[in-house]
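Peer 1: There's a structure below that I have some questions on.
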Amino acid sequence: DAGVIQSPRHEVTEMGQEVTLRCKPISGHNSLFWYRQTMMRGLELLIYFNNNVPIDDSGMPEDRFSAKMPNASFSTLKIQPSEPRDSAVYFCASNPFVGGNYGYTFGSGTRLTVV
Amino acid sequence: DQQVKQNSPSLSVQEGRISILNCDYTNSMFDYFLWYKKYPAEGPTFLISISSIKDKNEDGRFTVFLNKSAKHLSLHIVPSQPGDSAVYFCAALNIQGAQKLVFGQGTRLTINP
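Chains as they are written, first to last, in our numbering: chain A, 228 to 342; chain B, 3 to 115.
So, in structure tokens, the structure goes:
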């Protein structure tokens with residue numbers, strides 16, 4: 228398996244522009260998570276899906292952030308409009324939550340820089 | 003509200019010695035704990051875990067200890083090797099609840115030759 232695949236690896240955009248981050252989870256994993264890593268707060272959960280349905284979006288910082296999972300193999304995280312304080316590394320992770328396996332498999336992340 | 007805390011942003015240890023990374027949590031509903039390791043430009047990777055019914059779990063050079071009364075866990079690495087230099091994240095979840103991992107801020111471990 229290729230693991231969790233995220234694109235792009237790096238994104239540099241100007242303030243006010245729309246940014247879309249993409250994620251392909253591991254096949255068969257029914258839960259998908261979006262995290263953001265910052266120096267101050269470490270890894271923060273933004274939103275997670277179970278069977279393509281958003282379960283908890285309480286971590287989404289503002290209405291500028293939105294996430295979708297149209298099918299079991301694809302998810303997007305969109306920021307519109309983007310701001311410099313959104314600069315961070317965004318990770319996607321997936322998990323099957325079967326057989327007592329509670330650890331997530333993470334993608335390599337997207338480093339977002341908003342200038 | 004930081005439910006999982008790693009109070010040491012960084013730790014430096016000599017090669018061959020023991021590395022001890024600490025983690026505290028506040029939510030008594032957490033019943034499963036994990037440690038992740040992260041290299042630069044990579045995603046976190048699972049290292050070791052422990053259920054709240056245990057107080058110790060060992061896997062090779064890595065041992066995790068859990069003190070439920072103190073709401074504290076620690077990761078011991080013995081002996082420490084240069085390849086262990088990375089950021090280590092502590093995480094916790096409630097298996098019967100939302101099953102979402104709550105992470106600490108991370109500790110950067112540097113192993114000096």
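We treat Cβ as the ideally placed atom computed from N, Cα and C, and that holds for glycine.
(1) When the Cα of A/Leu272 is compared with those of A/Gly336, A/Val239 and A/Gly286, which residue comes out closest?
(2) Roughly how many angstroms lie between the CA atoms of B/Arg110 and A/Met242, to the nearest whole one?
(3) DSSP beta-bridge partners for B/His78?
(4) Roughly how many angstroms lie between the CA atoms of B/Phe35 and B/Tyr90, to the nearest whole one?
(5) Do the segment 249–257 of chain A and the segment 8–16 of chain B meet, that is, are 3 or more Cβ pairs less than 8 Å apart?
(6) What are the boundary residues of the beta strand (DSSP E) that B/Thr109 is part of?
(7) At least one CB of chain A closer than 9 Å to the CB of B/Gly108: is that the case?
(8) Beta-carbon within less than 6 Å of B/Ala94's beta-carbon, same chain only, minus the 5 sequence neighbours each way: which residues are those?
(9) What's the C-alpha gap between A/Thr265 and A/Gly255?
(10) What is the C-beta distance between B/Arg63 and B/Pro46, in whole angstroms, given that I count them as a contact (C-beta under 8 Å)?
(11) Could you tell me whether any Cβ in chain A is nearer than 9 Å to the Cβ of B/Phe2?
(12) Quick check on DSSP: helix, strand or coil for B/Pro42?
(13) Output the boundary residues of the beta strand (DSSP E) element that contains B/Ser70.
(14) Cβ closer than 7 Å: which chain B residues qualify as neighbours of A/Gly212?
(15) Starting from B/Ile97 and walking both ways along the beta strand (DSSP E), at which residues does that stretch end?
Peer 2: Well, looking at it:
(1) In the first sequence, counting from the first residue as 1, residue 272 of chain A sits at position 45. When each option's Cα is compared against that of A/Leu272, the closest is A/Gly286.
(2) Translated into the one-based positions of the second sequence, residue 110 of chain B becomes position 108. Translated into the one-based positions of the first sequence, residue 242 of chain A becomes position 15. Looking at the two C-alpha atoms, the distance is approximately 31 Å.
(3) Within the second sequence, residue 78 of chain B is the residue found at index 76, counting from 1. BP columns for B/His78 point to B/Ile22 and B/Thr65.
(4) Here residue 35 of chain B refers to the residue found at position 33 of the second sequence. Here residue 90 of chain B refers to the residue found at position 88 of the second sequence. Each residue's Cα considered, the two are about 13 Å apart.
(5) Counting C-beta pairs closer than 8 Å gives fewer than three between the segment 249–257 of chain A and the segment 8–16 of chain B, which falls short of the contact rule.
(6) As a working mapping, residue 109 of chain B is identified with position 107 in the second sequence. Boundaries of the beta strand (DSSP E) harbouring B/Thr109: Thr109 to Asn114, taken from the DSSP string.
(7) As a position in the second sequence, residue 108 of chain B is number 106, starting the count at 1. By this cut-off, B/Gly108 is an interface position.
(8) As a first step, residue 94 of chain B is located in the second sequence; it is residue number 92 there, counting from the start. Hits under 6 Å: Val6, Tyr27, Phe32, Phe35 and Val104.
(9) As a working mapping, residue 265 of chain A is identified with position 38 in the first sequence. As a working mapping, residue 255 of chain A is identified with position 28 in the first sequence. Looking at the two C-alpha atoms, the distance is approximately 29 Å.
(10) Counting from one through the second sequence, the residue named residue 63 of chain B turns up at place 61. Counting from one through the second sequence, the residue named residue 46 of chain B turns up at place 44. Contact between B/Arg63 and B/Pro46 does not hold, since their C-beta atoms are separated by about 19 Å, which reaches or exceeds 8 Å.
(11) Missing from the structure shown is residue 2 of chain B; chain B here goes from 3 to 115 and no further.
(12) Position 40 of the second sequence, counted from the first residue, corresponds to residue 42 of chain B. Coil at B/Pro42, not helix or strand.
(13) By one-based count along the second sequence, residue 70 of chain B stands at place 68. A quick correction: the sequence has Lys, not Ser, at residue 70 of chain B. Per DSSP, B/Lys70 belongs to no beta strand (DSSP E) and is neither H nor E.
(14) The structure shown does not extend to residue 212 of chain A, since chain A is modelled only from 228 to 342, so the question has no answer here.
(15) Translated into positions along the second sequence, residue 97 of chain B becomes position 95. Note, B/Ile97: premise wrong, no beta strand (DSSP E); not H, not E.
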